[in-house]
Amino acid sequence: MKKTAIDRRHFIKITSLSSGGLAIGFMMPGLPALAISAYDCEFFQPNAYIKIDKKGKITVYYSKQESGQGVDTALPMIVAEELDADFRDVKAEIAPYGTVPGSEHDTGGSQSILGMYDSLRKAGAVAKAMLISAAAAVWKISPSSCAADNGEVVNTVTMQRIKYGGLVCEAAKLPVPKEVTLKNPKDFKLIGKSEKRSNLKDILTGKTKYGLDLKVPGMVYAVAERCPVLGGSLVSVDDAAAKRVPGVLKVVSYKGTGAPMHVRDGVAVIATSTWAAIKARKLLNITWDEGKKNNENTEQLFKTFAGKAKDAPKIEVYKKGDVSKYNGKNELVAEYAQPFLAHATIEPMNFIASVKDDSCEIWGGLQLPDWAVNTIAAVSGIKKEKIKVNLLLMGGAFGRRLHFDFAIEAVKIAQQFDKPVQLVWERTDDTQYSPYRPANYHFLKASTDEKGSIISWQHHVLGTPIAFMTEGPDTKNIGEMDGADHGFCYAIPNIKTGYTPVDFNINRGWLRSVDICVNTFPVESFIDEIALKLKKDPLQFRLSMLENRPDFKTGEGPGALTQSPARIAAVLKLAAEKIGWSSPRKPNHYIGLATHSFIFAKSYAAHAIEIEMLEPKKFRIVKVVAAIDCGLVINPDGLLNQMEGGLAFGLTQALKGEITITNSRVNQDGYFSYELLRYDEMPPVEIHITDSKEEPGGVGEVGLSTVAPALCNALAAAGNRPRSLPIRNEGYSWV
Amino acid sequence: MPVFKLNVNNKEYTVEAESDMPLLWVLRDLLDLTGTKYGCGVASCGACTVIMDGNAVYACQRTVSTCVNKKIITIEGLSEDGSHPVQRAWQKAGVPQCGYCQPGQIMAAAALLGKNKKPSEELINETMSENLCRCGTYHRIKEAIHIAIEEINK
């Protein structure tokens with residue numbers, strides 16, 4: 001292979017394909033990642049997403065971060081569809097940091113498909129158009145007499161064929177077209193058909209390198225002891241015993257940070273093996289100043305919530321009509337509570353950093369790499385341009401790696417050592433120092449009219465806001481905790497909702513289904529509660545407030561979302577039908593329903609859960625049925641994975657997930673005390689996908705929020721309604 | 736530092752390690768066999784499951800000094816190319832989401848089927864409930880185990 005002088009045609013071409021100015025095929029000069037050093041037309045790389053070599057092997061670079069949600073498969077499928085590639089020739093690789101605009105790496109909010117669908121289609125279509133032009137030039141015919149088919153260009157007159165690999169050199173010389181024609185979705189061959197995960201075999205043979213598995217030359221290991229109370233500080237450390245542990249190289253201390261990531265003051269042991277560091281850490285003798293907020297506990301927090309629940313909310317969130325006219329009239333009230341939760345990815349947090357003079361290289365899994373790098377630069381004093389970022393696969397994320405506290409720590413530690421350092425969080429650290437899903441509490445009040453319709457609805461959400469942590473206590477942003485808002489799906493004429501923030505000294509963060517999960521449990525429980533009180537069928541009662549309600553916008557301007565009560569009704573009906581809602585139930589069998597939307601991700605889902613009561617508070621889940629409408633489905637197998645996973649996540653929360661805090665310290669220290677759903681607890685599930693032609697939505701989060709209310713509604717049908725999660729605390733057990 | 740001879744994936748290794756170092760860290764940090772995962776270090780998740788003399792064991796619970804003269808198989812050595820019936824079944828069922836726990840899941844299932852070609856549902860439940868998966872791939876694990884059972888009994 002001959003390395004030639006760089007021909008500018010071999011650089012990734014800069015092109016702006018959409019009229020909206022979205023740059024695809026973007027390369028920042030000076031970045032090493034995909035900067036091609038022009039191997040004598042070994043491959044064709046028309047943009048940042050596609051590289052085709054002479055053998056016809058296609059590499060698709062996916063710019064969203066993979067943590068199990070399947071972007072490494074669904075995103076390449078979109079490219080391959082428009083490229084008319086043979087998917088067996090496609091290999092998926094992480095798009096190196098810097099090869100696309102920084103924010104495009106951001107991964108969260110179930111936005112990967114929504115955010116990338118149009119631009120990846122265009123990227124694939126551009127490459128295909130260039131390959132067709134190249135073939136047309138070879139055949140000396142018009143491109144209009146050529147077609148693409150399964151990795152080859154076909155001369156539609158002579159039916160000759162040239163494989164893409166054979167067109168690489170010619171295609172690379174062509175200008176990138178500004179306009180391309182996209183396929184009619186009815187001609188899709190790949191999108192909509194199940195594909196197994198790319199890179200599956202590497203996972204099954206242990207070859208996949210997650211962050212924790214990477215070895216950088218010369219790398220050493222670190223674990224850290226952190227201030228047990230958030231906001232406390234290090235007074236002194238006696239590290240004499242720790243330093244005597246064989247393999248220990250150095251003990252360093254570092255200062256914590258405030259918002260946005262709330263790194264605690266820490267003392268890290270750097271050693272030649274993780275084990276030596278873990279052992280030595282136990283021998284550190286540290287004196288901490290815990291600060292003033294060292295006596296908070298969750299028991300008191302929930303008492304505080306309950307004490308304020310009936311007061312007027314501190315912040316009004318949404319108002320429609322006049323609820324005050326109905327106060328005290330035919331009224332039902334209920335209170336619901338949900339605890340702090342941890343993400344508990346099986347791969348604990350970890351990060352590698354190497355600092356040399358004024359520059360730094362980092363390796364790890366990050367859902368928001370751009371924000372992380374900007375913050376690391378601000379905290380470390382290293383210029384952003386001097387930080388080289390290597391994005392790695394994540395052994396689970398669920399929102400945990402939207403936060404990058406561990407990355408800041410790794411850089412602070414590496415700044416004090418002359419070799420690359422991998423910071424490893426032990427399981428106890430991961431359980432005790434995470435940004436937790438906020439604890440929350442709900443006071444709901446509704447009045448019904450003489451016809452048995454809900455005439456007024458009030459919802460007071462109390463919580464420990466995430467924004468207080470990321471933005472500080474003066475923030476006006478209540479975002480993730482705002483309860484029933486402008487997108488509230490049920491047709492009720494008078495609504496008032498509000499929020500009361502309560503601060504608490506523990507870090508909070510985004511967990512899969514963030515605010516949707518917080519609000520769906522109380523709303524779908526309370527709707528059910530009203531139906532039962534009115535002796536109405538919970539299915540028909542919901543449908544009466546959904547089915548005839550037209551789609552509506554949640555606000556003004558470009559940020560407004562569209563809510564579709566009809567789509568929420570449709571998934572509910574589907575789930576109810578498939579579980580046999582209208583059929584006679586076996587003795588002691590009960591069914592609960594819940595439905596909702598995640599309109600930010602343009603997706604709608606419902607759950608129906610059938611249980612058998614074995615004893616007054618002991619049950620068995622007989623069957624779960626989920627129904628989902630997420631518009632056009634890219635990879636049905638990936639969708640099923642997310643729905644199956646959402647069920648497990650939702651059941652963990654419903655049954656046993658809970659972080660409690662005493663003296664500002666988390667009581668749980670790992671999987672024995674913060675239990676996850678286990679294999680033998682997974683109930684049978686059926687997942688039904690609506691045949692939707694709507695634009696594709698995101699499915700990472702929509703599959704879990706209705707699990708807990710559906711289960712609780714089944715338990716309510718059996719006689720006792722749990723109003724707080726996890727239900728284990730209300731004395732329930734299950735087999 | 737003490738020296739230990741280990742047989743891992745039918746290869747002899749000599750490692751220099753403190754005698755209380757768990758096999759997990761020997762494999763990962765000293766031998767660069769990172770397919771065996773760290774999840775908890777306290778036998779609560781099963782991510783570090785390896786096969787030792789035919790039995791599934793937690794690599795985090797075995798100090799290196801107790802691993803001498805044992806035949807240790809890790810995910811890297813279960814087959815050369817992913818062709819072990821359990822790996823093939825995992826492929827067919829498309830089990831992984833993030834995939835991090837799957838080497839441990841596969842080793843637990845392989846050890847079970849290595850000892851019992853037709854395990855009862857109760858035994859499968861009991862065995863596999865020791866391995867956590869946060870992504871929630873349990874349905875597919877179940878499907879894969881049954882594919883593997885069918886395969887090895889053909």
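Protein sequences, first through last, are from chains A and B. Residue numbers for the first sequence follow my numbering, so the first one is 1 and each next one is one higher. Residue numbers for the second sequence follow my numbering, so the first one is 736 and each next one is one higher. Backbone N, C-alpha and C define an ideal beta-carbon position, used for all residues, glycine too.
*Please confirm whether V624 of chain A and V685 of chain A have their CB atoms less than 7 Å apart.*
Locating residue 624 of chain A in the first sequence gives position 624, where the first residue counts as 1. Locating residue 685 of chain A in the first sequence gives position 685, where the first residue counts as 1. Yes, the Cβ-Cβ distance between V624 of chain A and V685 of chain A is below 7 Å.
*Starting from the Cα of E131 of chain A, find the closest Cα among A:N155, A:G109, A:S112, A:S110 and give me that residue.*
Reading the first sequence from its first residue, position 131 is the one you call residue 131 of chain A. Note that residue 131 of chain A is Leu in the sequence shown here, rather than Glu. That would be A:N155, whose Cα lies nearest to the Cα of L131 of chain A.
*Name the chain B residues that come within less than 7 Å of E612 of chain A, Cβ to Cβ?*
Taking the first sequence and counting its residues from 1, one reaches residue 612 of chain A at position 612. Using a Cβ-Cβ cut-off of 7 Å, E612 of chain A is close to nothing in chain B; its nearest Cβ partner there is about 18 Å away.
*Pull out every residue of the region 394–414 of chain A whose Cβ sits closer than 9 Å to any Cβ of chain B, in chain order.*
Per Cβ criterion, the list reads M394, G395, G396, A397, F398.
*Under 7 Å by beta carbon: chain B residues contacting N641 of chain A*: As a first step, residue 641 of chain A is located in the first sequence; it is residue number 641 there, counting from the start. Within chain B, the residues near N641 of chain A are Q832.
*Given that S273 of chain A touches chain B, what residues does it touch there, using C-beta distances under 8 Å?*
In the first sequence, counting from the first residue as 1, residue 273 of chain A sits at position 273. Within chain B, A752, M756, W760, D764, L765 have C-beta atoms less than 8 Å from the C-beta of S273 of chain A, given in sequence order.
*Indicate whether at least one CB of chain B lies closer than 7 Å to the CB of K303 of chain A.*
Against the first sequence, residue 303 of chain A aligns to sequence position 303. No, K303 of chain A lies away from the interface with chain B (no Cβ there is under 7 Å from its Cβ).
*Is any beta-carbon of chain B found at less than 7 Å from that of F521 of chain A?*
Walking along the first sequence from the start, residue 521 of chain A turns up at place 521. Chain B contact via Cβ: absent.
*Residue from B:N745, B:T749, B:N744, B:V743 whose Cα sits closest to the Cα of P737 of chain B*: Taking the second sequence and counting its residues from 1, the one referred to as residue 737 of chain B is at position 2. Out of B:N745, B:T749, B:N744, B:V743, B:T749 has the C-alpha closest to the C-alpha of P737 of chain B.
*Between I808 of chain B and I841 of chain B, which are expected to be in contact by the criterion C-beta below 8 Å, what is the C-beta distance as a whole number of angstroms?*
Locating residue 808 of chain B in the second sequence gives position 73, where the first residue counts as 1. Locating residue 841 of chain B in the second sequence gives position 106, where the first residue counts as 1. No, I808 of chain B and I841 of chain B are not in contact; Cβ-Cβ is about 11 Å, not under 8 Å.
*Around the C-beta of A560 of chain A, are 16 or more other C-beta atoms found within 10 angstroms, so that it is buried, or is it exposed?*
Mapped onto the first sequence, residue 560 of chain A falls at position 560. Looking at its Cβ environment, which holds fewer than 16 other Cβ atoms inside 10 Å, A560 of chain A is exposed.
*Straight-line CA distance for S564 of chain A to L574 of chain A?*
Locating residue 564 of chain A in the first sequence gives position 564, where the first residue counts as 1. Locating residue 574 of chain A in the first sequence gives position 574, where the first residue counts as 1. Annotation: S564 of chain A to L574 of chain A spans about 16 Å, alpha carbon to alpha carbon.
*Quick one: what's got a C-beta closer than 6 Å to K806 of chain B's C-beta in the same chain, skipping five residues either side?*
By one-based count along the second sequence, residue 806 of chain B stands at place 71. Excluding residues up to 5 positions away in sequence, N742, D788 lie with their Cβ nearer than 6 Å to the Cβ of K806 of chain B in the same chain.
*Could you please tell me which residues of the region 833–844 of chain B, in chain order, have their CB closer than 7 Å to any CB of chain A?*
Sequence-ordered contacts of the region 833–844 of chain B with chain A read C833, G834, Y835, C836, Q837, P838, I841 [C-beta pairs closer than 7 Å].
*On a CA-only basis, which of A:E331, A:P339, A:F87, A:M261 is nearest K196 of chain A? Give me that one, please.*
Here residue 196 of chain A corresponds to residue number 196 of the first sequence, with the count starting at 1. In terms of CA proximity to K196 of chain A, A:F87 leads the group A:E331, A:P339, A:F87, A:M261.
*asked:* Run through chain B and tell me which residues come within less than 7 Å of F44 of chain A, C-beta to C-beta.
replied: Here the question's residue 44 of chain A lines up with position 44 in the first sequence. Within chain B, no residue comes near F44 of chain A; the closest Cβ sits about 31 Å away, beyond 7 Å.
_Proximity below 7 Å, CB of A608 of chain A to CB of I579 of chain A_ = On the first sequence, residue 608 of chain A is found 608 positions in, with the first residue counted as 1. On the first sequence, residue 579 of chain A is found 579 positions in, with the first residue counted as 1. Yes, the Cβ-Cβ distance between A608 of chain A and I579 of chain A is below 7 Å.
*Checking contacts by CB at 7 Å: is M863 of chain B closer than that to chain A?*
As a working mapping, residue 863 of chain B is identified with position 128 in the second sequence. By the rule that beta-carbons nearer than 7 Å mark a contact, M863 of chain B touches chain A.
*Just the C-alpha distance for G70 of chain A and Q832 of chain B, rounded to the nearest angstrom, thanks.*
Start at 1 with the first residue of the first sequence, and residue 70 of chain A comes out as number 70. Start at 1 with the first residue of the second sequence, and residue 832 of chain B comes out as number 97. The C-alpha of Q832 of chain B is placed about 7 Å away from the C-alpha of G70 of chain A.
*For the region 465–531 of chain A, which segments carrying the alpha helix (DSSP H) assignment without a break, of at least 4 residues, lie completely within its bounds, in sequence order?*
Counting only runs of 4 or more, we get 467–471.
*Spatial neighbours of A80 of chain A in its chain, beta-carbon cut-off 6 Å, leaving aside the 5 residues before and after*: If you number the first sequence from 1, residue 80 of chain A lands on position 80. If you ignore the 5 residues before and after A80 of chain A, its C-beta comes within less than 6 Å of the C-beta of F87, V90, L190, all in its own chain and listed in chain order.
*Whose CA, out of A:V126, A:Q45, A:K183, A:P177, lies closest to the CA of C169 of chain A?*
Within the first sequence, residue 169 of chain A is the residue found at index 169, counting from 1. Nearest of A:V126, A:Q45, A:K183, A:P177 to C169 of chain A, Cα basis: A:Q45.
*Can you find a C-beta in chain A that's less than 7 Å from the C-beta of R688 of chain B?*
Missing from the structure shown is residue 688 of chain B; chain B here goes from 736 to 889 and no further.
*Return the CA-CA distance between G781 of chain B and T801 of chain B, expressed in angstroms with no decimal places.*
On the second sequence, residue 781 of chain B is found 46 positions in, with the first residue counted as 1. On the second sequence, residue 801 of chain B is found 66 positions in, with the first residue counted as 1. For G781 of chain B and T801 of chain B, the distance between alpha carbons rounds to 19 Å.
*asked:* Taking its Cβ as the centre, do 16 or more other Cβ atoms sit within 10 Å of R585 of chain A, making it buried, or is it exposed?
replied: The sequence position of residue 585 of chain A within the first sequence is 585, counting from 1. By the 10 Å Cβ count, R585 of chain A comes out exposed.
_Excluding the 5 residues flanking C41 of chain A on each side, which residues of the same chain have their C-beta closer than 6 Å to its C-beta?_
Residue 41 of chain A sits at position 41 when you count from the first residue of the first sequence. Cβ neighbours of C41 of chain A within its own chain (closer than 6 Å, five residues either side excluded): C169, A172.
*Beta carbon proximity, R427 of chain A to chain D, threshold 7 Å*: Although the question refers to chain D, the structure presented lacks it and instead comprises the protein chains A and B.
*asked:* Assess contact between the region 44–58 of chain A and the region 91–98 of chain A, defined as three or more Cβ pairs (one per stretch) separated by less than 8 Å. Is contact present?
replied: Between the region 44–58 of chain A and the region 91–98 of chain A, the count of C-beta pairs closer than 8 Å reaches three or more; the two stretches touch.
*Is the shortest distance between the beta-carbon of S67 of chain A and the beta-carbons of chain B less than 7 Å?*
Position 67 of the first sequence, counted from the first residue, corresponds to residue 67 of chain A. Chain B contact via Cβ: present.
*Counting pairs of beta carbons, one from the region 435–445 of chain A and one from the region 344–359 of chain A, are three or more of them closer than 8 Å?*
No, because fewer than three Cβ pairs between the region 435–445 of chain A and the region 344–359 of chain A fall closer than 8 Å, the two stretches do not touch.
*Name the chain B residues that come within less than 7 Å of T208 of chain A, Cβ to Cβ?*
Within the first sequence, the letter at position 208 stands for residue 208 of chain A. Neighbours of T208 of chain A on chain B, chain order: G834.
_Helix, strand or coil at K64 of chain A according to DSSP, with G and I counted as helix_ = Start at 1 with the first residue of the first sequence, and residue 64 of chain A comes out as number 64. In this structure, K64 of chain A counts as coil in the three-state DSSP scheme.
_Which residue marks the beginning of the beta strand (DSSP E) containing P46 of chain A, and which one marks its end?_
Here the question's residue 46 of chain A lines up with position 46 in the first sequence. 43–47 is the span of the beta strand (DSSP E), which, as asked, contains P46 of chain A.
*asked:* Which same chain residues end up closer than 6 Å to K617 of chain A when comparing Cβ atoms and leaving out the 5 residues on each side of it in sequence?
replied: Residue 617 of chain A sits at position 617 when you count from the first residue of the first sequence. Closer than 6 Å at the Cβ level, and outside the excluded window around K617 of chain A, lie G731, Y732.
*Spell out the partners DSSP gives I58 of chain A in its beta bridges.*
For the purposes of this step, residue 58 of chain A is identified with residue 58 of the first sequence, where counting begins at 1. Its beta-bridge partners are A:I52, A:V90.
*Could you pull out every unbroken alpha helix (DSSP H) segment of at least 4 residues lying fully inside the region 410–442 of chain A, listed in chain order?*
You should have 427–432.
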